[in-house]
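K.L.:
With the working numbering, the residue at position 164 of the sequence shown is 327, and numbering never jumps.
Beta carbons: idealized from backbone N, C-alpha and C, even for Gly.
Bear in mind that the values here come from a model prediction, so they are computed numbers and not experimental data.
Here you go, one structure.
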Amino acid sequence: LNFDRDIAGPMARTVEDGVRLFNVIAGYDPNDPLVEPNRREENYLEFLNVDGLTGKRLGVLRNLVDQEGADPEIKLIFEDALLSLAEAGAEIVDPFSIEDFRSLSDAIPFCPRFRYDAAQYLRTLSSPPINDVSAVLETNEISDEARSRLTFYSKYPMEISPDEWEEPCITWPNNPLRNQLLHNVVTSMDATQIDAIIFPTWSNPPAHIDRGVEEYAGDNSQLLAPDAGLPALTIPMGFWREHLPAGLQFVGRPYSEGALIEMAYSFEQATHYRRPPAGYAELDKRKHSLFE
164 LNFDRDIAGP MARTVEDGVR LFNVIAGYDP NDPLVEPNRR EENYLEFLNV
214 DGLTGKRLGV LRNLVDQEGA DPEIKLIFED ALLSLAEAGA EIVDPFSIED
264 FRSLSDAIPF CPRFRYDAAQ YLRTLSSPPI NDVSAVLETN EISDEARSRL
314 TFYSKYPMEI SPDEWEEPCI TWPNNPLRNQ LLHNVVTSMD ATQIDAIIFP
364 TWSNPPAHID RGVEEYAGDN SQLLAPDAGL PALTIPMGFW REHLPAGLQF
414 VGRPYSEGAL IEMAYSFEQA THYRRPPAGY AELDKRKHSL FE
């Protein structure tokens with residue numbers, strides 16, 4: 164993860180479960196230069212509105228739908244999701260475009276700053292278990308994939324800010340390319356009166372666990388929201404070959420989490436695509452509830 168673009172959020176069984184957790188962890192952090200004070204909603208649970216899609220305008224970002232290498236069945240599942248969104252009361256704006264989206268997305272470089280970012284966090288702990296994530300390489304408790312990634316990041320300095328590297332990684336919000344992308348997104352949304360941008364979370368099905376590295380392809384979730392610093396929410400939209408889940412991503416304006424929750428919850432309640440994996444029954448809420 165890069166701490167100026169990747170934000171950990173709830174991964175939950177349902178939208179409601181995710182919102183209950185988000186309601187606790189969302190808030191202003193004076194140590195976070197990217198967060199504005201007084202922007203969180205008082206109670207995000209109030210946005211669990213079954214009619215939340217009524218009157219909403221959703222823009223289809225075709226750049227992330229009809230792209231080279233996209234799986235045909237994922238595209239069909241997405242088209243079915245568009246029909247469900249419309250039936251639930253949304254107005255679909257198709258296509259929706261962002262000025263210079265592809266060129267800006269391609270031009271924003273990947274910054275291998277994980278080791279530096281992790282060190283900054285570890286220094287805030289009174290008794291950190293380690294001071295450098297590269298120390299994990301000395302153990303035998305990580306997977307081959309994690310070892311490969313940490314070996315890559317260990318080549319970059321831990322003590323020098325990425326802004327000061329020989330080939331600098333300009334930190335958000337001082338990165339002109341990312342600022343331009345954010346500006347273009349919001350300008351396009353305002354011009355078309357869009358409430359959210361939608362596209363398949365992944366344009367390819369999940370890779371087999373034994374071939375995860377070789378078959379890793381089609382991750383749309385990293386191409387817009389992280390680079391532009393925007394909130395996003397993913398909800399199940401169906402199944403590839405009847406058993407592998409496919410996701411629908413909603414991306415909104417800065418601090419529009421409430422509206423995204425409304426739309427995702429409404430879609431979830433209209434479709435009920437989510438189902439437990441084979442071999443795992445639904446939990447008995449009376450025995451496993453965290454909120455009663």
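On the DSSP letters alone, give me the boundaries of the beta strand (DSSP E) that Phe166 sits inside.
P.N.:
In the sequence shown, residue 166 corresponds to position 3, counting from 1. Counting along the chain, Phe166 falls outside any beta strand (DSSP E), and DSSP gives it neither H nor E.
K.L.:
Pick from Pro193, Asn194, Glu179: whose alpha carbon is nearest that of Val187?
P.N.:
Position 24 of the sequence shown, counted from the first residue, corresponds to residue 187. It is Glu179 whose Cα lies nearest to the Cα of Val187.
K.L.:
Anyone know if the C-beta pair for Ser384 and Thr364 falls short of 8 Å?
P.N.:
Residue numbering aside, residue 384 sits at position 221 when the sequence shown is read from its first letter. Residue numbering aside, residue 364 sits at position 201 when the sequence shown is read from its first letter. Result yes, Cβ atoms of Ser384 and Thr364 sit closer than 8 Å.
K.L.:
CB Gly421 to CB Tyr207, shorter than 8 Å?
P.N.:
Walking along the sequence shown from the start, residue 421 turns up at place 258. Walking along the sequence shown from the start, residue 207 turns up at place 44. Yes, the pair counts as a contact, with Cβ atoms nearer than the cut-off.
K.L.:
Looking at the secondary structure, which residues open and close the alpha helix (DSSP H) in which Pro394 lies?
P.N.:
Residue numbering aside, residue 394 sits at position 231 when the sequence shown is read from its first letter. Careful: Pro394 lies outside any alpha helix (DSSP H) and carries neither H nor E.
K.L.:
Can you give the beta carbon distance from Gly222 to Val256, rounded, assuming they're within the 8 Å contact cut?
P.N.:
Position 59 of the sequence shown, counting from 1, holds the residue named residue 222. Position 93 of the sequence shown, counting from 1, holds the residue named residue 256. Contact holds; Cβ gap of about 5 Å.
K.L.:
Going by C-alpha distance, which of Pro439, Phe362, Ser429 is nearest Asn226?
P.N.:
The residue labelled residue 226 in the question sits at position 63 within the sequence shown. That would be Phe362, whose Cα lies nearest to the Cα of Asn226.
K.L.:
With a cut-off of 8 Å, do at least 3 Cβ pairs link the stretch 332-342 to the stretch 403-419?
P.N.:
With the cut-off at 8 Å, the stretch 332-342 and the stretch 403-419 do not touch.
K.L.:
Please go through the stretch 226-273 and give each complete alpha helix (DSSP H) segment of 4 or more residues, from N-terminal end onward.
P.N.:
Segments of the alpha helix (DSSP H) lying fully in the stretch 226-273: 235-250, 264-270.
K.L.:
Excluding the five sequence neighbours on either side, which residues of its own chain have a C-beta within less than 6 Å of the C-beta of Asp167, listed in chain order?
P.N.:
For the purposes of this step, residue 167 is taken as residue 4 along the sequence shown, with counting starting at 1. Counting only Cβ-Cβ distances below 6 Å, and skipping sequence neighbours, we find Thr334, Trp335.
K.L.:
Is Arg220 helix, strand or coil by DSSP?
P.N.:
Reading the sequence shown from its first residue, position 57 is the one you call residue 220. Arg220: strand per DSSP, three-state reduction.
K.L.:
Under the rule that 16 or more other beta-carbon atoms within 10 Å means buried, what is Leu456, buried or exposed?
P.N.:
The displayed coordinates of the chain run from 164 to 455. Any statement about residue 456 would go beyond what the structure contains.
K.L.:
In this structure, does DSSP put Ala441 in helix, strand or coil?
P.N.:
The residue you call residue 441 lines up with position 278 of the sequence shown. Three-state result, Ala441: coil.
K.L.:
DSSP three-state call for Gln356: helix, strand or coil?
P.N.:
Translated into positions along the sequence shown, residue 356 becomes position 193. The answer is coil: DSSP assigns Gln356 none of H, G, I, E or B.
K.L.:
Counting C-beta neighbours from all protein chains within 10 Å, is the total for Ser429 16 or more, i.e. buried, or is it exposed?
P.N.:
Here residue 429 refers to the residue found at position 266 of the sequence shown. Buried, by the Cβ-count rule.
K.L.:
Of the choices Val349, Ala380, Asp373, Arg437, whose alpha-carbon is the least far from that of Gly415?
P.N.:
Residue 415 sits at position 252 when you count from the first residue of the sequence shown. Measuring from the Cα of Gly415, the nearest candidate turns out to be Val349.
K.L.:
Go ahead and label Thr460 buried or exposed: buried means 16 or more other beta carbons lie within 10 angstroms of its beta carbon, across all protein chains shown.
P.N.:
Only positions 164 to 455 of the chain appear in this structure, which leaves residue 460 out of reach.
K.L.:
Between the stretch 260-269 and the stretch 289-304, do at least 3 Cβ pairs fall closer than 8 Å?
P.N.:
Because the criterion of three Cβ pairs below 8 Å is not met, the stretch 260-269 and the stretch 289-304 do not touch.
K.L.:
Counting pairs of Cβ atoms below 8 Å between the stretch 314-327 and the stretch 271-288, do you hit three or more?
P.N.:
The stretch 314-327, when compared against the stretch 271-288, does touch it at the 8 Å Cβ threshold.
K.L.:
In whole angstroms, what separates the C-alpha of Gly172 from that of Leu285?
P.N.:
Counted from its first residue, the sequence shown places residue 172 at position 9. Counted from its first residue, the sequence shown places residue 285 at position 122. Taking the straight line from one Cα to the other gives about 20 Å.
K.L.:
Return the chain-ordered list of same chain residues with a C-beta closer than 7 Å to the C-beta of Ala370, the five sequence neighbours on each side being excluded.
P.N.:
The count along the sequence shown starts at 1 and reaches residue 370 at position 207. The answer, listed in chain order, is Glu378, Tyr379.
K.L.:
With a Cβ-Cβ cutoff of 8 Å, do Asp390 and Ser268 count as a contact?
P.N.:
Against the sequence shown, residue 390 aligns to sequence position 227. Against the sequence shown, residue 268 aligns to sequence position 105. Yes, the Cβ-Cβ distance between Asp390 and Ser268 is below 8 Å.
K.L.:
Only counting the same chain, and skipping five residues up and downstream in sequence, which positions put a Cβ closer than 8 Å to that of Leu248?
P.N.:
As a working mapping, residue 248 is identified with position 85 in the sequence shown. Here the set comprises Leu216, Leu221, Ile255, Ile361, Phe430.
K.L.:
Using CA coordinates, which residue listed in Gly410, Leu393, Ala175 is at the minimum distance from Pro417?
P.N.:
Along the sequence shown, read from residue 1 onward, the residue named residue 417 stands at position 254. Closest option to Pro417, Cα to Cα, is Leu393.
K.L.:
Can Arg176 and Ala189 be called in contact, C-beta distance under 8 Å?
P.N.:
In the sequence shown, counting from the first residue as 1, residue 176 sits at position 13. In the sequence shown, counting from the first residue as 1, residue 189 sits at position 26. No, these two residues do not count as a Cβ contact at 8 Å.
K.L.:
Helix, strand or coil, according to DSSP, for Val414 in the structure here?
P.N.:
What you label residue 414 is simply residue 251 of the sequence shown in a count that begins at 1. It is a strand residue.
K.L.:
Between the beta-carbon of Asn367 and the beta-carbon of Ile240, is there less than 8 Å?
P.N.:
Translated into positions along the sequence shown, residue 367 becomes position 204. Translated into positions along the sequence shown, residue 240 becomes position 77. Taking 8 Å as the Cβ cut-off, Asn367 and Ile240 do not qualify as a contacting pair.
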